[in-house]
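S.K.: Numbering (the working numbering), first residue to last: 3 to 790.
Just so it is clear, CB atoms sit at the ideal spot from N, CA and C, and this is done for glycine as well.
Remember, it's a predicted structure, so these values are computed and weren't measured experimentally.
Structural data, given as structure tokens:
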């Protein structure tokens with residue numbers, strides 16, 4: 003300890019030698035303070051020295067802030083907007099104490115339509131850094147495109163039962179995080195909207211996890227990470243919301259005193275109009291702005307005042323039909339809005355898209371500007387080219403205070419907005435349109451509640467025929483659905499093509515919301531125009547849990563969906579054994595016929611030929627439910643005929659054990675043994691013969707199994723049939739014995755039937771030459787007494 007004190011004292015002595023008097027250098031002043039404090043114990047002198055350092059530091063900060071601001075101004079004058087924005091933001095972020103520079107910087111940022119990028123509870127960008135660099139912005143937009151593609155993939159996986167709701171929530175949250183960094187979302191209102199959407203996603207996932215915990219599908223405690231995330235987002239929402247005052251009403255900070263830039267602009271304009279006064283309204287540039295347009299967009303109040311005093315046209319329109327008032331409202335320049343209104347501008351002038359200044363203020367969330375416009379007679383229900391009002395735009399962007407203001411000014415809550423002209427949509431799509439409630443139902447829960455509280459119609463139809471309940475179901479907004487149902491929304495309203503909200507939930511595999519609708523009386527048997535029911539759709543999606551939920555509400559199991567299938571028929575056709583068992587246990591008819599498929603039963607479908615062996619569990623379940631084992635289709639085929647043709651022995655054994663008729667005949671007279679012999683399936687042929695199959699059964703053409711074995715050159719089958727006492731000289735209706743049919747005889751055959759029995763096609767020409775296999779069969783038949 004003593005050594006350390008000596009060392010410190012030595013350092014201080016060296017410092018004292020360097021600072022013999024009051025130091026001008028901050029480092030020297032700091033060293034003097036240390037000496038006075040530690041060596042001389044003169045605290046008053048130390049305080050004076052430290053204060054000197056702070057004063058010098060403050061002076062240097064002011065110099066640095068001024069340099070940053072002037073640098074931004076230089077870049078702006080060169081037209082380098084991105085560089086200028088970066089340095090204006092630097093002033094706001096790094097030198098918030100320099101009021102004389104922060105105000106002008108914020109005004110310039112507002113004129114560029116950019117946020118300040120400040121942290122904490124400051125203006126826009128409080129929790130998501132806005133990207134301004136062009137190269138970085140390009141990459142960000144590419145990443146957003148990929149994120150949107152990922153969401154489509156996750157949605158498709160979820161609908162097919164291969165993904166979870168948590169994956170969709172994750173992808174959507176990431177997309178929202180990326181969008182928060184876009185310059186156009188730098189305002190506090192936009193940030194509040196995006197964070198609010200993230201919060202709602204987490205709330206939905208948390209509700210789903212809690213539900214899974216209740217039924218034992220998840221462990222207690224799995225909800226804690228989501229609860230923490232929810233609290234974090236709630237804090238973040240408060241932070242970005244607190245930035246709204248400075249972010250959305252920058253006009254309050256607008257100074258009545260002209261800036262250096264404005265003074266120079268006024269001087270420039272004076273010089274221009276001195277000789278040509280008419281140039282005060284000259285349109286310039288690609289967008290045909292007048293000088294007043296430019297002043298209004300940049301927030302240059304003194305320039306605008308000068309122009310108006312010199313007879314600038316207050317209602318001049320640019321290329322897009324915008325007046326200066328449109329631009330002032332778009333950028334939130336309240337003082338200029340007031341100035342223009344005081345000079346007679348048309349408060350309800352519409353641009354080329356039919357939008358007024360109130361539309362612009364509402365869309366951007368500039369509350370104070372909207373108040374001024376409404377006070378001066380702005381029409382709250384003015385419609386644009388798509389019939390959208392300011393309320394539609396405020397709700398779309400999530401600006402609750404703006405929506406409330408418009409409602410207070412008698413905004414019509416039930417005006418129906420259309421879609422963009424010339425844009426086509428696929429059947430079943432739900433584009434952005436409808437009433438304000440339709441738009442809120444896409445995910446703006448608080449706004450939906452506000453609209454309902456103020457008398458919005460609960461069941462209006464949009465231009466396609468969807469209700470808000472449909473929209474909320476499509477976008478998985480169960481909390482909004484709950485509010486709509488509390489307001490007595492029609493739970494069974496039919497949308498385009500007869501779709502119900504329940505069907506949309508089933509399509510999304512949204513179990514929780516589907517259950518909510520069912521508890522409120524949703525029709526489990528609603529049949530759309532294409533005959534789809536919730537149950538047929540759930541089976542099509544192979545959603546076991548959804549099928550269980552629907553079965554608990556006693557649906558009609560025999561309602562046929564697209565292609566005329568019952569839910570059970572569709573499940574069996576797809577070899578979905580678990581779903582089939584569920585439906586059978588619930589009472590589905592195992593003998594229902596597939597009218598579009600040769601009038602077959604489920605048992606036919608369960609055993610018919612495929613690339614893999616039929617599911618024995620599925621077969622047993624169907625057979626156990628009193629299925630008709632000998633049911634015939636339009637051609638007289640029984641399940642046993644099809645099972646034999648498929649070539650798998652286990653299904654044949656199962657059918658025979660349940661009483662299948664081994665000698666059942668098709669309309670062509672085929673027995674199962676005909677098929678087994680034709681394809682040389684000796685094991686199945688043995689099984690059939692063991693179960694008393696008629697070895698000499700003749701079909702309508704008079705052919706026996708031995709005939710078909712000979713035609714197909716099935717040596718093993720011929721041997722088995724001969725061993726089983728097949729009549730070697732029995733002739734068919736053409737007088738041909740099996741010996742004459744070996745290798746096809748004088749005919750060529752086609753194996754086109756599903757029973758794989760050869761069908762005579764055309765007579766061959768020339769002498770018949772038997773291959774070695776066929777020659778062996780002919781010799782075998784002769785040995786058993788076959789006549790030539």
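Under 7 Å Cβ to Cβ from residue 174, same chain only, skipping five residues before and after it: list those, please.
M.R.: Once the five neighbours on either side are set aside, the close Cβ partners of residue 174 are 153, 203.
S.K.: Out of 671, 605, 680, point me to the one whose CA is closest to residue 654's CA.
M.R.: That would be 605, whose Cα lies nearest to the Cα of residue 654.
S.K.: Quick one: what does DSSP say residue 624 is sitting in, helix, strand or coil?
M.R.: Looking at residue 624 - three-state DSSP - the assignment turns out to be helix.
S.K.: Spatial neighbours of residue 785 within its chain, please: C-beta separation below 7 Å, excluding the five flanking residues on both sides.
M.R.: There are no such residues.
S.K.: From this set, 98, 595, 626, which residue's C-alpha is nearest residue 633's C-alpha?
M.R.: Checking every option, the nearest Cα to that of residue 633 belongs to 595.
S.K.: Using the Cα positions of residue 783 and residue 630, report the straight-line distance between them to the nearest angstrom.
M.R.: Taking the straight line from one Cα to the other gives about 39 Å.
S.K.: Do residue 508 and residue 495 count as a contact pair if the criterion is CB distance below 7 Å?
M.R.: For residue 495 and residue 508, no; Cβs fall outside 7 Å.
S.K.: To which residues of the same chain is residue 73 closer than 6 Å at the C-beta, ignoring the five residues directly before and after it?
M.R.: Answer for residue 73: 89, listed in chain order.
S.K.: For residue 436, which three-state DSSP category applies?
M.R.: Correct three-state label for residue 436: strand.
S.K.: Candidates 534, 274, 289: which alpha carbon is nearest residue 282's?
M.R.: When only C-alpha atoms are compared, the closest one is 274.
S.K.: Counting along the chain, where does the alpha helix (DSSP H) carrying residue 361 start and finish?
M.R.: Unbroken alpha helix (DSSP H) run through residue 361: 359-366.
S.K.: Can you give me the C-alpha to C-alpha distance between residue 379 and residue 310, rounded to a whole angstrom?
M.R.: Whole-angstrom Cα-Cα distance: 21 Å.
S.K.: Whose C-alpha, out of 544, 575, 643, 532, is nearest the C-alpha of residue 561?
M.R.: It is 532 whose Cα lies nearest to the Cα of residue 561.
S.K.: By the DSSP assignment, the alpha helix (DSSP H) with residue 707 in it spans what residues?
M.R.: Residues 707-713.
S.K.: Can you list, in chain order, the residues of its chain whose CB lies under 7 Å from that of residue 224, leaving out five sequence neighbours each side?
M.R.: Counting only Cβ-Cβ distances below 7 Å, and skipping sequence neighbours, we find 211, 215.
S.K.: Let me confirm a value: residue 226 is counted as buried when at least 16 other C-beta atoms fall within 10 Å, else exposed. Which label applies?
M.R.: Exposed, since its Cβ has fewer than 16 Cβ neighbours within 10 Å.
S.K.: I'd like the list of long-range same chain contacts for residue 330, defined as Cβ closer than 7 Å, with 5 residues on each side in sequence excluded.
M.R.: Excluding positions up to five away in sequence, the list reads 298, 338, 339, 342.
S.K.: Counting C-beta neighbours from all protein chains within 10 Å, is the total for residue 346 16 or more, i.e. buried, or is it exposed?
M.R.: With fewer than 16 other Cβ atoms within 10 Å, it is exposed.
S.K.: Among 701, 704, 650, which one has its Cα closest to the Cα of residue 681?
M.R.: Ranking the options by Cα distance to residue 681, first place goes to 650.
S.K.: Compare the C-alpha of residue 156 against each of 558, 171, 386 and name the closest.
M.R.: It is 171.
S.K.: Using only the alpha-carbon positions, how far apart do residue 49 and residue 86 sit?
M.R.: Those two C-alpha atoms are separated by around 40 Å.
S.K.: Can you list, in chain order, the residues of its chain whose CB lies under 6 Å from that of residue 525, leaving out five sequence neighbours each side?
M.R.: For residue 525, where only same-chain residues beyond five positions count, the Cβ hits under 6 Å are 494.
S.K.: For residue 736, does the three-state DSSP call read helix, strand or coil?
M.R.: Residue 736: coil per DSSP, three-state reduction.
S.K.: Can you tell me the Cα-Cα spacing of residue 500 and residue 602, whole angstroms?
M.R.: Roughly 29 Å separates the two Cα atoms.
S.K.: Provide the residue(s) that pair with residue 596 in DSSP beta bridges, ordered along the chain.
M.R.: Answer is 602, bridged to residue 596.
S.K.: In the structure shown, what three-state DSSP assignment does residue 63 receive?
M.R.: Helix at residue 63.
S.K.: Pull up the distance between the alpha-carbon of residue 277 and that of residue 98, whole angstroms please.
M.R.: The straight-line gap from Cα to Cα measures roughly 44 Å.
S.K.: Beta carbon of residue 686, beta carbon of residue 678: below 7 Å?
M.R.: Cβ distance < 7 Å, so residue 686 and residue 678 count as in contact.
S.K.: Measure the alpha-carbon distance for residue 386 versus residue 148 and round it to whole angstroms.
M.R.: Cα to Cα, the separation comes out at about 32 Å.
S.K.: What does the Cβ neighbour count give for residue 288, buried or exposed, with the cut at 16 atoms within 10 Å?
M.R.: Exposed: under 16 other Cβ atoms inside 10 Å.
S.K.: By DSSP, does residue 778 sit in helix, in strand, or in coil?
M.R.: Helix at residue 778.
S.K.: Under the three-state reduction of DSSP, which class applies to residue 169: helix, strand or coil?
M.R.: In the structure shown, residue 169 sits in a helix (DSSP, three-state: H, G or I).
S.K.: Assuming residue 491 and residue 471 make a contact with CB atoms under 8 Å, what is their CB distance in whole Å?
M.R.: Indeed, because the Cβ distance is near 5 Å, the residues count as touching under 8 Å.
S.K.: Hey, residue 643 and residue 616: beta-carbon distance below 7 Å or not?
M.R.: Against a cut-off of 7 Å, the Cβ pair of residue 616 and residue 643 comes out as no contact.
S.K.: My assumption, with CB atoms under 8 Å, is that residue 460 sits in contact with residue 452. Please give the rounded CB distance.
M.R.: Incorrect: roughly 14 Å between the Cβ atoms, too far for contact.
S.K.: Helix, strand or coil for residue 514, going by three-state DSSP, please let me know.
M.R.: Note: residue 514 maps to helix in three-state DSSP.
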